[in-house]
Amino acid sequence: MPEVDEAPDTPSDKAPRWIDRALNTIERVGNKLPDPAALFLILLILVWILSALLAPIQFSEIDPRNNQPIKINNQLTGSAIAAFLSTMVTTFTSFHPLGVVLVALLGVGVAEHTGFINASLKGLLSFTSVKLLTPMLILVAIVSHTAADAGYVLVIPLGGVIFYAAGRHPLAGIAAAFAGVSGGFSANFIPSSLDPLLSGLTQSAAQIINPARAVNPLCNWFFTGASCLIIVVVGWFITDRIIEPRLRSTKIDGDVADIPQMEKLTSKERRGLVVALLAMLAGVAVLAIVSIPGTSPMRSPTRFTITEQSIERLKDTGVPDEVLTRLEPMRNQVLQGERAFLDAVKTRIGDQPSEQYRNAILASVERSPGEITAANAPLMQSIVPLIFLLFILPGIVYGYAAGTVESHRDIIKGMSKAMSTMGYYIVLAFFAALFIAAFGQSNIGALLALKGAGLLKAMGLPGQITIIGIILLTASVNLLIGSASAKWALLAPIFVPMLMQLGISPELTQAAYRVGDSTTNIITPLMPYFPLVVVYSQRYVKNTGIGTLVSLMLPFSVMFLVIWTVFLIAYWLLGIPLGLQAPYTYP
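Note that the sequence shown covers residues 0 to 586 in numbering that gives the first Met the number 0.
Dropping the structure here:
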């Protein structure tokens, strides 16, 4: 086992720092909580009881999802219990992280079993400075947001492997990767499917005040790109100066026999690595060739837009002015797919005119190719299967080239070995899935979000203070509601119109939300991937619990929240553009 380097200027005989003592206390208290699986079961029971107590109460807060007063749904009624029992299996099997983790791990398991990952890391560490591993890892973790869940199933466990192989504490690597993947969730210089998802909700909220107000999907692109540098630098400092020194006395007692060490590649390993990497590059090239063309089936559906020129062409073909007037609100609205476009037209002008002028409308509309990075693009929806393929194929090629594989039975053995490590996580996922489903169905989280938003609105604070309040409220609500889009669907119809009336643009409000939404992901056990990170950590330190992980991630969370908030305010005061078509003021 390689020795874990101590941080500079932090000798082992030095008295614990105050921050170490505080975090050690948090770890001890957190680890006294029940086992995470039992904790989710207890929380499930609490949600049942609380929902029964709150269900009879009539609340005045309006739920923006249906424009009705929000209502808590009693989870202890006969029908609710019957639904809970009848859907228990599907609730578990449809728990998103479960399938993501297991499918990806089948491919990664083969790559690890054959030695491809070990050889790749040896090669990487042969020319990468140990001191630069932290910023490199955090940057890769941030970029992994573009590929949906890839960071959770790939980058975070590799963070531990890379740090251990480099003679550093593996939990520090896991913490740094987790901070980049989840704590810096909105700090990415590469646009992702989250951008249009949030901007669509922001635009709908802005149109409560101004029906013509549009929000560009890349309205926060410059800010999130600049934030990437902030997260890398702050995360680097925290990992090397706070987390690793604190871990110097934490003994590595897990099963690390298969983890690579700082050794030179043998001739067989080098040959296998070259052939395997060529196989991986060939796979990536094939994927690019298939995905790049505008007609690629891996893109989202073709986009349809009625432009001013479309209206003129329809007028020239003899479409009545009455029909054109009804189509006018659809001008510049982008709809994906011919069916969705025609359904919107039918809703706007009626069944008979839509059928009569169908061909004329389709001939005049502007069409543009679908996007590769859209949330509904088959490429984005295939990220996990692609991870499986892009690891299992070079893993197999490496095995045969390096002589670590003799037959297909070795490949199956690698998959089986990977699955055998997931028993505890599957138990966790079962109870987590049941709790998260019941919590969402009860509406308790939505009520808390609306109560907090209403309180902030009632305080009538100045714009700058309100922006900070939005960040803090979002960070707090994020401890209970993990989904970025679900929270924004609740909060945007309150915050965006409120700040527009204070002269603050929807784009700035969305940027503030994204800061708060990112920073507390890494300290809430209710985040679906949190138990998985605990399991990753237990590979190296067997007694890792919720308290251990929370104490590791709390410095990241607090520092990210404070420094990122200050950065946004400074960014605003300097007048640096937030993104494309993104003013700071309204109107």
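For glycine and all other residues, C-beta sits at the position ideal for the given N, C-alpha and C.
Can you tell which of I189, R366, N30 has its C-alpha closest to the C-alpha of G544?
N30
Taking just the CA atoms, how far does T324 sit from G462?
39 Å
Counting C-beta neighbours from all protein chains within 10 Å, is the total for T294 16 or more, i.e. buried, or is it exposed?
exposed
Just the Cα atoms here: how many angstroms apart are W47 and L433?
11 Å
Look up D254 in the DSSP assignment and say whether it is helix, strand or coil.
coil
Could you tell me whether the region 267-286 touches the region 306-314, where touching means 3 or more Cβ pairs closer than 8 Å?
no
Given this structure, state the Cα-to-Cα distance separating I386 from L170, to the nearest angstrom.
24 Å
Report the CB separation of L38 from L32 in whole angstroms; it is logged as a contact under 8 Å.
6 Å
With distances taken from CA atoms, which of R357, L577, Q335, G336 is nearest L326?
R357
Measure the alpha-carbon distance for G398 versus G114 and round it to whole angstroms.
7 Å
For A339, does the count of other Cβ atoms within 10 angstroms reach 16, so buried, or fall short, so exposed?
exposed
Compare the Cα-Cα distances from G468 to each of K456, N477, L478, A485 and report the closest residue.
K456
Proximity test, I305 beta-carbon vs the ligand ADP heavy atom, cut-off 7 Å:
Ligands displayed in this structure: none; no statement on the ligand ADP is therefore possible.
Per the contact definition of three or more C-beta pairs closer than 8 Å, is the region 474-488 in contact with the region 506-524?
yes
Who pairs with F303 in a beta bridge, going by DSSP?
L334, R366
Can you tell me which of R538, Q202, I371, F184 puts its alpha carbon nearest to the alpha carbon of A491?
Q202
Given this structure, state the Cα-to-Cα distance separating F429 from F83, to the nearest angstrom.
13 Å
Please report the distance separating the alpha-carbon of A164 from that of R212.
53 Å
Inspect the beta-carbon positions of F303 and E354 and report whether they are closer than 8 Å.
no
Note the first and the last residue of the continuous alpha helix (DSSP H) segment covering H95.
95-113
Quick check for students: name the residue ranges of the alpha helix (DSSP H) that lie wholly in the region 438-525, counting only runs of 4 or more.
443-458, 462-476, 483-499, 505-518
Give the single residue among P586, L577, L551, L560 whose Cα lies nearest to the Cα of I18.
L551
From T403 to L246, what distance separates their C-alpha atoms?
35 Å
Between the CA atoms of Q380 and M590 - distance to the nearest angstrom:
Since the first residue shown for the chain is 0 and the last is 586, residue 590 is missing from the structure and cannot be characterised.
On the three-state DSSP scale, how would you describe I48?
helix
Take G502 as the anchor and find which of P96, V107, T465 has the nearest alpha-carbon.
T465
Beta-carbon separation of G98 and N520 under 8 Å?
no
Measuring CB atoms only, is the region 521-541 touching the region 173-180, in the sense that at least three cross pairs come out at less than 8 Å?
yes
If you follow the alpha helix (DSSP H) that V383 is part of, which residue opens it and which one closes it?
382-401
Terminal residues of the alpha helix (DSSP H) in which L131 lies
Run containing L131: none; DSSP gives neither H nor E here.
Let me know if P10 comes out buried or exposed under the rule of 16 or more other beta-carbons within 10 Å of its beta-carbon.
Note that P10 has pLDDT 41, beneath the 50 cutoff, so the model's placement of it is unreliable and the number below is only indicative. P10 comes out exposed.
T238 (DSSP reduced to helix, strand or coil)
helix
If you drop the 5 nearest sequence neighbours on each side, which residues of the same chain put their C-beta closer than 6 Å to that of V102?
V383, F387
Is T584 helix, strand or coil by DSSP?
strand
What's the call for P216, buried or exposed, on a 16-neighbour Cβ count within 10 Å?
buried
Alpha carbon to alpha carbon, how far is G413 from I391? Give it in angstroms, no decimals.
10 Å
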